[in-house]
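J.: Position one of the sequence shown corresponds to residue 1105 (the numbering used here), numbered consecutively onward. Glycine included, every Cβ here is placed at the ideal spot set by N, Cα and C.
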Amino acid sequence: MPSLEFAERYSRQVLFTPIGAEGQKRLATARVAIVGCGATGSALASLLARAGVGYLRIIDRDYVEPSNLQRQVLFDECDAAESLPKAIAAARKIQAFNHEVAVEPHAADLTPQCAEELLAGVDLLLDGTDNFETRYLINDFAVSRQLPWVYAAAVASYAVTMTIIPGEMACLACIFPDSPRGLVETCDTSGILNSAVNLIASIASAEALKLLVGARDKVRRTLLSYDVWANDFVEISTAKPRAGCRACDLRDFVHLAGEGRPHITLCGRNSVQIHERHSPIDFEEVTRRLSPLGPVRHNEFVLKFWRDPYELTLFPDGRAIIKGTTDTAVARSLYARYVGS
Ligand SMILES: [Zn+2]
């Protein structure tokens, strides 16, 4: 028997017949991983935690900044002032409004090397990322394990989503064998409306609920795009896998194999991420060493160091984001100088 608190909390959702008491129980035991916790990931995590999904794994490599607050609904001004990793800030916020949800935050970059560790053991993967490289990696992992996932993306006033049940319908690589050109623009270059994000996150989270309660016949079998400013609405059928698809037909998982993946990734906002070194960093020691050179501060999760015109954000595993340059050679040399090699 569910507790009284459980019954009361989800009473309005249980009244919705396609979910009902049985569906609500299924949600309580469901396990979901959300990759990327920016605008889309925040909205997805918030909706699913409030809906009573029992376990959420939140994976994000970034930290909260003031420019995020316009659309990233799980964060507040204190999170930005502390530069908290988004995964940590999201977990704290979720615990405050639904302590029954088990949240597992990972302040980490999803790479082929750690895909198994970060994505295994869940029923569903959700896309909250901002880049096609990671989406192809999610697609390869999901198709190789027959795991459903939901693609979601938003930029400017425009948003796109697609639900993927491997084997039953088209996968991401069926529809986009290569990164689509139109979506290469990012929210850092074209801006973004929070309404476009929340629209697509709402649609994707409804798809997630259908999959988690077993209503597969209700899953949308189209790639849906919607422009909230131009009022354009387009759907393309994804009902059948494409013969010859690299991922779901030929089962050639190049992105999961990680061939040729560079160690340095551009974050797309005048920043370079360095994650070549995988050894723990002693924040106290780095603080002592850097404080004669410029302002330094750290908490349990991040260390920040300012050396005009650069800003270095260091994570405990040695990963860093260097702001103020898009030149990987400059970022590498700053890292070697201030952190070590
Ligand atoms: Zn495919």
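Use the C-beta contact count for L1438: other C-beta atoms within 10 angstroms, 16 or more gives buried, fewer gives exposed.
T.: Here residue 1438 refers to the residue found at position 334 of the sequence shown. That one is buried.
J.: Mapping the DSSP letters down to three states, classify F1409 as helix, strand or coil.
T.: On the sequence shown, residue 1409 is found 305 positions in, with the first residue counted as 1. Note: F1409 maps to strand in three-state DSSP.
J.: In angstroms, rounded to a whole number, what distance separates the CA positions of G1124 and V1118?
T.: One-based indexing of the sequence shown puts residue 1124 at position 20. One-based indexing of the sequence shown puts residue 1118 at position 14. Each residue's Cα considered, the two are about 4 Å apart.
J.: With three or more C-beta pairs closer than 8 Å as the rule, is the region 1330-1337 touching the region 1270-1285?
T.: These segments do not touch.
J.: Would you decide whether H1379 is buried or exposed? Buried here means 16 or more other CB atoms lie within 10 Å of its CB.
T.: By one-based count along the sequence shown, residue 1379 stands at place 275. Buried is the call here.
J.: In chain order, what residues have a CB nearer than 7 Å to some heavy atom of ligand 1?
T.: With the cut-off at 7 Å, the residues found are V1247, A1274, C1275, A1277, C1278, P1345, R1346, C1349, A1351, C1352, D1353.
J.: If we ignore side chains and look at the alpha-carbon of each, how far apart do A1308 and V1226 end up?
T.: Residue mapping note: residue 1308 aligns to position 204 of the sequence shown, counting from 1. Residue mapping note: residue 1226 aligns to position 122 of the sequence shown, counting from 1. C-alpha separation (whole angstroms): 17 Å.
J.: Taking DSSP's pairing of strands, which residues face H1402 in a bridge?
T.: Position 298 of the sequence shown, counted from the start, is the residue given in the question as residue 1402. Its beta-bridge partners are L1407.
J.: Drop a sphere of 10 angstroms on the beta-carbon of N1374, count the other beta-carbons inside from all chains shown, and report buried for 16 or more, exposed for fewer.
T.: To locate residue 1374, count along the sequence shown from 1; it is residue 270. N1374 should be labelled exposed.
J.: For the alpha helix (DSSP H) that contains S1171, what are its first and last residues?
T.: Here the question's residue 1171 lines up with position 67 in the sequence shown. Counting along the chain, S1171 falls outside any alpha helix (DSSP H), and DSSP gives it neither H nor E.
J.: Span of the alpha helix (DSSP H) holding K1427?
T.: On the sequence shown, residue 1427 is found 323 positions in, with the first residue counted as 1. Note, K1427: premise wrong, no alpha helix (DSSP H); beta strand (DSSP E) at 1424-1427.
J.: Between the region 1129-1147 and the region 1169-1176, do at least 3 Cβ pairs fall closer than 8 Å?
T.: Short answer: they touch.
J.: If I'm right that A1274 touches K1344 with Cβ under 8 Å, what's the distance once you round it to whole angstroms?
T.: As a first step, residue 1274 is located in the sequence shown; it is residue number 170 there, counting from the start. As a first step, residue 1344 is located in the sequence shown; it is residue number 240 there, counting from the start. Rounded, the Cβ-Cβ distance is 7 Å, consistent with contact.
J.: Between which two residues does the beta strand (DSSP E) carrying Q1217 extend?
T.: If you number the sequence shown from 1, residue 1217 lands on position 113. No beta strand (DSSP E) contains Q1217, which DSSP labels as neither H nor E.
J.: Looking at S1329 and V1264, is the spacing between their C-beta atoms short of 7 Å?
T.: Along the sequence shown, read from residue 1 onward, the residue named residue 1264 stands at position 160. Along the sequence shown, read from residue 1 onward, the residue named residue 1329 stands at position 225. Yes, they are a contact pair.
J.: Taking 7 Å as the threshold (C-beta atoms), are A1191 and A1211 in contact?
T.: In the sequence shown, the residue the question calls residue 1211 occupies position 107. In the sequence shown, the residue the question calls residue 1191 occupies position 87. Going by C-beta atoms, A1211 is nearer than 7 Å to A1191.
J.: May I have the straight-line CA-CA distance separating V1301 from P1270, to the nearest angstrom?
T.: As a working note, residue 1301 is residue 197 in the sequence shown. As a working note, residue 1270 is residue 166 in the sequence shown. Looking at the two C-alpha atoms, the distance is approximately 25 Å.
J.: Between S1187, D1421, Y1442, G1444, which has its C-alpha nearest D1213's C-alpha?
T.: Residue 1213 sits at position 109 when you count from the first residue of the sequence shown. It is D1421 whose Cα lies nearest to the Cα of D1213.
J.: Mind checking which residues open and close the alpha helix (DSSP H) that includes Y1439?
T.: Stepping through the sequence shown from its first residue, residue 1439 is reached at position 335. Start and end: 1432-1442.
J.: Note down the Cα distance separating M1266 from V1338, rounded to an integer number of angstroms.
T.: Locating residue 1266 in the sequence shown gives position 162, where the first residue counts as 1. Locating residue 1338 in the sequence shown gives position 234, where the first residue counts as 1. Cα to Cα, the separation comes out at about 12 Å.
J.: So, is P1399 buried or exposed, given that buried needs 16 or more other C-beta atoms within 10 angstroms?
T.: Along the sequence shown, read from residue 1 onward, the residue named residue 1399 stands at position 295. Per the 10 Å Cβ criterion, exposed.
J.: Quick one: what does DSSP say I1123 is sitting in, helix, strand or coil?
T.: Within the sequence shown, residue 1123 is the residue found at index 19, counting from 1. Coil.
J.: Can you pull the DSSP bridge partners for V1254?
T.: On the sequence shown, residue 1254 is found 150 positions in, with the first residue counted as 1. DSSP lists L1230, T1267 as partners of V1254.
J.: Taking 8 Å as the threshold, find out whether the region 1226-1235 comes into contact with the region 1249-1257 through three or more Cβ pairs.
T.: Output reads yes: the region 1249-1257 touches the region 1226-1235.
J.: Who are the near neighbours of A1319 in its chain, counting only those whose CB is closer than 7 Å to its CB and skipping five residues on each side?
T.: The sequence position of residue 1319 within the sequence shown is 215, counting from 1. Counting only Cβ-Cβ distances below 7 Å, and skipping sequence neighbours, we find P1122.
J.: Does DSSP classify V1118 as helix, strand or coil?
T.: Translated into the one-based positions of the sequence shown, residue 1118 becomes position 14. Residue state, collapsed to three classes: helix.
J.: Does Q1250 pass the burial test, meaning 16 or more other C-beta atoms within 10 Å, or should it be called exposed?
T.: The sequence position of residue 1250 within the sequence shown is 146, counting from 1. Exposed: under 16 other Cβ atoms inside 10 Å.
J.: According to DSSP, R1161 sits in a beta bridge with which residue or residues?
T.: Stepping through the sequence shown from its first residue, residue 1161 is reached at position 57. In the DSSP output, where bridge partners are listed per residue, R1161 has A1137, E1208.
J.: With burial defined as no fewer than 16 other Cβ atoms inside 10 Å of the residue's Cβ, what is the status of F1387: buried or exposed?
T.: For this step, residue 1387 is matched to residue 283 along the sequence shown. Buried is the call here.
J.: Pick from R1154, L1418, F1110, L1397: whose alpha carbon is nearest that of D1412?
T.: Reading the sequence shown from its first residue, position 308 is the one you call residue 1412. Nearest option by C-alpha distance: L1397.
J.: Rank G1156, C1218, S1150, A1155 by C-alpha distance to the C-alpha of A1193 and give the top, closest one.
T.: As a position in the sequence shown, residue 1193 is number 89, starting the count at 1. A1193 has its Cα closest to that of S1150, out of G1156, C1218, S1150, A1155.
J.: So the candidates are C1182, H1203, E1208, A1219; which of them puts its Cα closest to the Cα of H1359?
T.: Taking the first residue of the sequence shown as position 1, residue 1359 is located at position 255. Nearest option by C-alpha distance: A1219.
J.: Roughly how many whole angstroms lie between the Cα atoms of V1259 and G1140?
T.: Reading the sequence shown from its first residue, position 155 is the one you call residue 1259. Reading the sequence shown from its first residue, position 36 is the one you call residue 1140. Distance between the alpha carbons of V1259 and G1140: 15 Å.
J.: If you draw a straight line from the alpha carbon of L1315 to that of W1410, how long is it in whole angstroms?
T.: Against the sequence shown, residue 1315 aligns to sequence position 211. Against the sequence shown, residue 1410 aligns to sequence position 306. Those two C-alpha atoms are separated by around 46 Å.
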